[in-house]
Every structure is written in C-alpha cells, then in structure tokens.
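When we follow full-length UniProt numbering, the leftmost residue of the sequence shown carries the number 1, and every step to the right adds one. Some notes on the structure that comes next.
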Amino acid sequence: MTDLALGFYEGMAEEYHLLFANWPQAVERQGAMLDALLRRCEAPPPRRVLDCACGIGTQALGLAGRGYAVHATDLSPAAVARAEREARAMGVHLSTGVADMRALDTQVEGTFPVVLALDNAVTHLLTDEDLDAAARAMASKLAPGGLVVLSVRDADALARHQPRFTSERLLEAPEGRRILFQIWDWAADGRTYTVHQFILRPEGNGWQATEHTGVYRALQRVDLERALTRAGLVDTRWHTPEETGFHQPILTARRA
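Right, here's the structure in full:
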C-alpha cells in the first residue's frame, strides 16, 4: 500500500486542484458540509480535528477557515507541503505532519474529538491487515466519545458493474482549459482496481497529457464497518450524499 499510494499522491500534489472546476470554491463548500455534519453529530461541535488523509488540504483548509483547529497529516510529503502553502495563501492556520494512517498512534501526538479520512483514502488499504491497522490507529487518536469520519466510493455498486471508463469532462477555469478522464483496470477477482487519471491541457498547437496511477480496493460497506468494530468503535452510521451534500457516502463511528 505505502509505495503505491505514496507514488500516486506525490505525483498528483501539484495537479490535484485541476480535478475541480474551481478548487477554492470546493474547499469552502466541503468545509461547510463537514461543519454541518459535525454539528449534527456532536453537541457542542468539536473545535479540534485530525485530518489523517489531508492531501493538499481540500477538507482541512475548509474546516480551518471555519474556525477549527486542524492538524493535517498525510503519507505524501509533497501533498503536505502543498497544503501548508495553500494555508498561507488562504490566510488560515494548519498544523501539519507527514504520517501513515496505519501508524498514527506512534507518529501523531495527542488525541482529538474528531479524526477524518475522506475522499476514498482508506480504500488504498488493500488488505484486511492494513485496514485493521489503520482503524486501530485512528481509534487510538480519538478522545473518549470522539468521532471518526470516513468517506468512500459506493463500492457495493462498483463491484457489481466494474466500470472501465469515466466520461471525459471539459473544464474551463482560470487555470486554463483541461480535459479529465479515467481508465479503470479491474483485478480478475474484482477486489481491487487500478485507476489511470489523465489530465489533458493545451500546449502550443496540440495537447499535453499527464497520467497518474493509483490502486484502490473495492471496499464493501460491511467490511469497513467490521474493521471499525474490531478496533473497538461503536455506533457506526452511514450518511448519504443526499443527507450531507458531500460527494461520497460518509461513515461515522464513535469511541466508547
């Protein structure tokens, strides 16, 4: 998992914002959605959050802009450096660190009312052993009664249909025109799939393409729930995109 995921996000760090029509607006919108979810789940709402899969800061920056004290960590040093740079540009404060979500217990100090790992990050954990290690490490960082918040693709549907291609998107934005699409290669057993993310941008009289490859597990909801339960977490609950406005289903669970 480490080499595959690290290579993917190291390569994507300077281009990740290009996946959005307007990344700063996405930061604000996702921060608002998560703030609303946390307010519904917690009373009073928490003010400290560990985002242990922060990437370039899409959710961490949004929450920091709403007054949360966010500690943002990621496996990728390049992504963390980009998040730090974006925080300075946006005038918000993040504390940051490089950490593997399977080793938060040794690589991150303290405990938090909330631990986040969003945008399908946990599906880079390709084995039950890695998933259990991450669940235990997240649980170890929760204060008593604290909440873990995960979001994943709806793999139950994906595994049935095994899509091979995502329709291309043409984005016109201040950063310039670009075309985005993905090719998915499924393992024979249907348990994992390799995503080839293509970004095409005009260059001279033609187009310049970059490609980033990541491997994901088609993680079923029940398997994720069971991993959190084995880690000692309780009160697992799914929140639908229709309920939250977030683009993926969200699973919450609590430390007793």
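Note that the Cβ used here is the ideal one computed from N, Cα and C, for glycine as well.
In this structure, M138 keeps its C-beta atom at 8 Å or more from the C-beta atom of L94.
For T240, there is no enclosing alpha helix (DSSP H), since its DSSP letter is neither H nor E.
Secondary structure at V108: coil, using DSSP grouped into helix, strand and coil. In the structure shown, G57 adopts coil according to DSSP, grouped into three states.
Excluding the 5 residues flanking it on each side, P46 has same chain C-beta neighbours closer than 7 Å at L38, P113 and V114, in chain order.
DSSP places P24 inside the alpha helix (DSSP H), whose first and last residues are W23 to C41.
By the criterion of a C-beta distance shorter than 6 Å, L150 is surrounded in its chain by A117, V122 and L251, once the five residues flanking it on both sides are discounted. Rounded to the nearest angstrom, the Cβ distance from G62 to Q25 is 10 Å, too far for a contact under 8 Å. Distance from the CA atom of E168 to the CA atom of T127, rounded to whole angstroms, is 31 Å. Under a 10 Å Cβ-count criterion, F165 is classified as exposed, with fewer than 16 other Cβ atoms of the shown protein chains found around its own Cβ. Taking the C-beta atoms as reference points, D51 is found no nearer than 8 Å to V27.
Its chain contains T194 as the residues whose beta carbon lies nearer than 6 Å to that of D185, once the 5 sequence neighbours on both sides are disregarded; these appear in chain order. As DSSP reads the structure, T194 sits in a beta bridge with D185 and V215. Boundaries of the beta strand (DSSP E) harbouring A72: A69 to D74, taken from the DSSP string.
Between K141 and V98 the beta-carbon gap is near 15 Å, outside 8 Å, which marks them as no contact. DSSP, read as helix, strand or coil, puts T127 in coil.
Around the CB of A227, 16 or more other CB atoms lie within 10 Å, so the residue is classed as buried.
Shown here, A143 sits in a strand according to DSSP, grouped into three states.
Cβ neighbours of A135 within its own chain (closer than 6 Å, five residues either side excluded): A227, L228 and A231. Following the DSSP letters along the chain, one finds V98 inside the beta strand (DSSP E) bounded by residues S95 to V98. Look at F20 here: in three-state DSSP terms it is coil, with no helix or strand label. Cα atoms of H247 and A143: separation of roughly 27 Å, rounded to the nearest angstrom.
With 16 or more other Cβ atoms inside 10 Å of its own Cβ, L125 counts as buried. Per DSSP, the beta-bridge partners of R254 are L147 and V234.
For F165, the pairing in a beta bridge is given by DSSP as I183. Here G204 carries a coil assignment [DSSP, helix/strand/coil]. The straight-line gap separating the alpha-carbon atoms of E84 and Y9 is approximately 15 Å.
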